[in-house]
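Trainee: Sharing a structure here in structure tokens format.
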Amino acid sequence: MVILPEQYLFAEEGHEFLPIIDNTLLFRCVQLIRSALKKEVMVKFFCHLSLATLRDKKFLESLMEFIQDKMSLASALVFELDYRDFQRQDPVILDTLSQLALYGCRFALGHVTSLDGLDFKVLSEHYFRYVKIDAGFFQRIMFLPGGDKFIQQVKRQLALYDIDIILSKVENEQDLLVLSEFHFAYGQVYVFGILR
Numbered sequence: 002m003v004i005l006p007e008q009y010l011f012a013e014e015g016h017e018f019l020p021i022i023d024n025t026l027l028f029r030c031v032q033l034i035r036s037a038l039k040k041e042v043m044v045k046f047f048c049h050l051s052l053a054t055l056r057d058k059k060f061l062e063s064l065m066e067f068i069q070d071k072m073s074l075a076s077a078l079v080f081e082l083d084y085r086d087f088q089r090q091d092p093v094i095l096d097t098l099s100q101l102a103l104y105g106c107r108f109a110l111g112h113v114t115s116l117d118g119l120d121f122k123v124l125s126e127h128y129f130r131y132v133k134i135d136a137g138f139f140q141r142i143m144f145l146p147g148g149d150k151f152i153q154q155v156k157r158q159l160a161l162y163d164i165d166i167i168l169s170k171v172e173n174e175q176d177l178l179v180l181s182e183f184h185f186a187y188g189q190v191y192v193f194g195i196l197r
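Just so we're aligned: the sequence shown equals residues 2 to 197 in this note's numbering.
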């Protein structure tokens with residue numbers, strides 16, 4: 002049985018299985034990072050942390066201990082938070098991010114479907130280095146008057162804060178070709194799995 006991310010990422014906060022899933026994924030990420038480092042391959046691994054996990058004191062204590070003990074792995078590990086969770090500005094979560102950042106961890110903001118209320122300066126101050134923005138957002142804007150200039154402006158503003166855009170949910174090759182005109186550096190797309 003395969004459980005897809007969309008089946009559990011937005012589950013209710015109280016679910017006890019979310020920290021278990023996050024812990025399992027983190028453990029697998031660490032294994033992959035160790036393997037990559039042995040081969041001298043420099044890559045980054047993104048590991049999602051749910052709101053339930055970020056509020057789980059026991060998990061966070063063990064995570065802090067682990068990261069502190071394995072700081073050489075931290076630079077290859079990017080923790081991804083959901084846009085809605087970060088928007089809550091929960092003091093506990095912000096404190097957790099600050100502590101992880103001290104050990105060299107960086108963060109990605111996922112499931113961004115709009116730039117409304119998104120403060121790039123605040124993201125930078127909390128060590129976010131990536132923002133995953135749905136490709137559909139840019140596709141809707143690029144055909145509006147001045148849309149191409151707006152997209153370039155967003156890219157420039159994020160670059161000022163050392164934040165990269167990752168295009169997510171590019172569904173087919175045509176979408177990829179259209180969006181490639183804007184020279185996005187990164188993409189998290191299904192289409193890569195079907196291109197030959």
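C-beta atoms are modelled at their ideal positions from N, C-alpha and C, and glycine is treated no differently.
For R197, count neighbouring Cβ atoms within 10 angstroms of its own Cβ and tell me buried if that reaches 16, exposed if not.
Mentor: Because R197 carries a pLDDT of 35, less than 50, the predicted location of this residue cannot be relied on, and no value is offered for it.
Trainee: Leaving aside the five residues before and after T54 along the sequence, list all residues of the same chain whose C-beta is less than 7 angstroms from its C-beta, in chain order.
Mentor: L19, P20, D23, F60
Trainee: Just to confirm my understanding: we take F139, look at its own chain, exclude 5 residues before and 5 after, and list those with CB closer than 8 angstroms. What are they?
Mentor: I152, L168, L180, F183
Trainee: For a test of the three-state rule: what should DSSP assign to V123, helix, strand or coil?
Mentor: helix
Trainee: Could you compute how far the alpha carbon of D135 sits from the alpha carbon of R85?
Mentor: Roughly 14 angstroms separates the two Cα atoms.
Trainee: According to the Cβ coordinates, are F47 and V93 closer than 8 angstroms?
Mentor: no
Trainee: Would you check if the distance between the CB atom of I166 and the CB atom of K156 is smaller than 8 angstroms?
Mentor: Against a cut-off of 8 angstroms, the Cβ pair of K156 and I166 comes out as a contact.
Trainee: Taking only the alpha-carbon atoms, compute the straight-line gap between Y104 and K45 and give it to the nearest angstrom.
Mentor: Rounded to whole angstroms, Y104 to K45 spans 16 angstroms at the Cα level.
Trainee: Contact between the segment 60 to 75 and the segment 95 to 104: three or more CB pairs below 8 angstroms?
Mentor: yes
Trainee: Please tell me whether M65 and Q88 are closer than 8 angstroms, where the distance is taken between their beta carbons.
Mentor: Not closer than 8 angstroms, so no.
Trainee: With burial defined as no fewer than 16 other Cβ atoms inside 10 Å of the residue's Cβ, what is the status of Y187: buried or exposed?
Mentor: Note on Y187: under 16 other CB atoms within 10 angstroms of its CB, so exposed under the neighbour-count rule.
Trainee: Mind checking whether I164 and F108 have CB atoms under 8 angstroms apart?
Mentor: no
Trainee: Quick one: give me the first and last residue of the beta strand (DSSP E) that Y128 is part of.
Mentor: Bounds of any beta strand (DSSP E) do not take in Y128, whose DSSP letter is neither H nor E.
Trainee: Report the option in F144, Q90, D70, Y131 whose CA atom is closest to the CA atom of G118.
Mentor: Cα-wise, what sits closest to G118 is Q90.
Trainee: Can Y162 and S115 be called in contact, C-beta distance under 8 angstroms?
Mentor: no
Trainee: What is the DSSP secondary structure of I166, counted as helix, strand or coil?
Mentor: Reduced to three states, the DSSP call for I166 is strand.
Trainee: Can you tell me which of the three DSSP states R35 falls into?
Mentor: helix
Trainee: In its own chain, which residues sit with a C-beta less than 8 angstroms from the C-beta of G111, not counting the 5 before and 5 after it?
Mentor: H49, E81, L82, D83, Y84, K133, S169
Trainee: Here's a check: name, in chain order, each residue in its chain whose Cβ is nearer than 6 angstroms to the Cβ of L27, leaving out the five neighbours to either side.
Mentor: C48
Trainee: Looking at H127 and L159, is the spacing between their C-beta atoms short of 8 angstroms?
Mentor: no
Trainee: Report the partner residues of C48 according to the DSSP bridge assignment.
Mentor: F80
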